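First the structure, in the form of structure tokens, and then the observations on it.
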């Protein structure tokens, strides 16, 4: 487990996590705000020219289901979390169908409400999520945007323990959809120095690295694995499609923020980001089953904390899927597909002094500026996994 001192080191990062996870939601209904979705989907972007026979084909249900209806069956479930991630997923896997038209899902919400803190997105919207079926080749896919989240919902049950309703949601999805593969996707902080903005890690393992409200839960520190052969036959196509978004991933030249700094040189040019797919397979980019790191606050990789020795990237929820599947008799195969929305941060920057945590400022800045487009490259990598099944 993480020591209690880690909990006190970054007290502001729980609220940062909740802000980033709810960013772009309508403040009244807590649904993706139409203006924000229009902005994200309306932005100019290169066309995604999928190989013949493998272009995603969205299939809204007709007639539209009631919110309390069960989820439809599918071969694969793809679940994501934030508005930016949703926009990237919709652009790639449900082209032409805006998230505003996805079917709302409230089934058994009454069983969850006592486990969700007041003012959490799901508590306000009284909804578990939204979804839309699509197809890739001969494979049926159910895309889901969850309103539940490890970092949003918990009600304290003890010192370092809290409710975790998203685990029950995972089990409910599996029970209704009966997928053979379950993919959780979204943004993450890079932990490898050479994993750039827009790169995507794919791993069949997840580890809880909890230091806040869940720090004393028995699952803290546990690693979960799903032992199956990751399909790689379409990764070359994915890399080609991802690299058409180089312009959207370009970083601006950098210089001091105001003239009080003594600096007379030209601005520093940023390196080019060429998005790629990174795998935890023997002889590939990471050790086999190198896990995603799930935290209960906003964490990021730095040049000094060296989280790469522990995991593939850092995010805020995926190990819950591993935990849920470990409690099932016949779970689906699962994997994590996470895009690098912020690079490894310079650990020499001040983190706790001068009233400014410069490391966190940069990590949040990268996330908010690039999360939409890195989510697109992540969704393309997700497409490649499904197309290869």
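In our numbering, the protein residues as written are 69 to 457.
The beta carbon of each residue, even a glycine, is placed where N, CA and C say it ideally should be.
These numbers were taken from a predicted model, which means no experiment stands behind them.
{"query": "Expected contact under 8 Å - CB spacing of residue 279 and residue 363 to nearest Å", "result": "7 Å"}
{"query": "Rounded separation between residue 415 and residue 120 - CA only", "result": "45 Å"}
{"query": "Any alpha helix (DSSP H) of 4 or more consecutive residues that is wholly inside the region 107 to 167", "result": "151 to 161"}
{"query": "Own chain, CB closer than 7 Å to residue 391, minus 5 neighbours either side, in chain order", "result": "235, 287, 292"}
{"query": "DSSP-derived helix/strand/coil call for residue 453", "result": "helix"}
{"query": "For residue 408: DSSP bridge partner residues", "result": "256"}
{"query": "Own chain, CB closer than 6 Å to residue 418, minus 5 neighbours either side, in chain order", "result": "426"}
{"query": "Outcome for residue 350 when other beta-carbon atoms lying within 10 angstroms are tallied against a minimum of 16", "result": "exposed"}
{"query": "Per DSSP, the bridge partner or partners of residue 224", "result": "230"}
{"query": "Inter-residue Cα distance where the pair is residue 468 and residue 446", "result": "The requested residue 468 is not part of the displayed model; the chain covers only 69 to 457."}
{"query": "For residue 188, the first and last residue of its enclosing beta strand (DSSP E)", "result": "Neither: residue 188 is in no beta strand (DSSP E) and is coded neither H nor E."}
{"query": "Beta-carbon proximity of residue 170 to residue 254, cut-off 8 Å", "result": "no"}
{"query": "Check whether residue 196 and residue 174 have beta carbons under 8 Å apart", "result": "yes"}
{"query": "N-terminal and C-terminal residue of the beta strand (DSSP E) that residue 273 is part of", "result": "273 to 276"}
{"query": "Boundaries (first-last residue) of the beta strand (DSSP E) holding residue 279", "result": "Unbroken run through residue 279: none, as it is neither H nor E."}
{"query": "DSSP three-state assignment for residue 209, whether helix, strand or coil", "result": "strand"}
{"query": "Proximal residues to residue 154 (C-beta, below 7 Å), its chain only, five neighbours per side dropped", "result": "100, 148, 167, 213"}
{"query": "Cβ separation of residue 299 and residue 400, assumed to be a contact under 8 Å, to the nearest whole Å", "result": "Not a contact, Cβ separation roughly 15 Å."}
{"query": "As assigned by DSSP and simplified to three states, the class of residue 444", "result": "helix"}
{"query": "Reduced DSSP secondary structure (H/G/I, E/B, other) of residue 296", "result": "coil"}
{"query": "Bounding residues of the beta strand (DSSP E) (the contiguous stretch that carries residue 347)", "result": "345 to 347"}
{"query": "Helix, strand or coil at residue 413 according to DSSP, with G and I counted as helix", "result": "strand"}
{"query": "Euclidean distance between Cα positions of residue 116 and residue 281", "result": "41 Å"}
{"query": "Of the residues 133, 187, 238, 228, the one placed nearest residue 394, counting alpha carbons only", "result": "238"}
{"query": "Distance between beta carbons of residue 190 and residue 269, contact taken as under 8 Å", "result": "That pair is no contact at about 27 Å."}
{"query": "For residue 331 and residue 324, the rounded distance between their alpha carbons", "result": "7 Å"}
{"query": "Length of the line joining the Cα atoms of residue 412 and residue 376", "result": "10 Å"}
{"query": "Own chain, CB closer than 7 Å to residue 188, minus 5 neighbours either side, in chain order", "result": "220, 221"}
{"query": "N-terminal and C-terminal residue of the beta strand (DSSP E) that residue 390 is part of", "result": "Not the beta strand (DSSP E): residue 390 falls in the alpha helix (DSSP H), residues 387 to 394."}
{"query": "Coarse secondary structure for residue 370, derived from DSSP in three states", "result": "strand"}
{"query": "Cβ neighbour criterion (16 or more within 10 Å) applied to residue 358", "result": "buried"}
{"query": "Within 8 Å, strictly: CB atoms of residue 184 and residue 233", "result": "yes"}
{"query": "Buried/exposed call for residue 456, threshold 16 Cβ in 10 Å", "result": "buried"}
{"query": "Opposing strand residues paired with residue 197 [DSSP bridges]", "result": "173, 214"}
{"query": "Secondary structure of residue 436, DSSP reduced to three states", "result": "helix"}
{"query": "Extent of the continuous alpha helix (DSSP H) to which residue 381 belongs", "result": "Element bounds for residue 381: not the alpha helix (DSSP H) but the beta strand (DSSP E), 381 to 383."}
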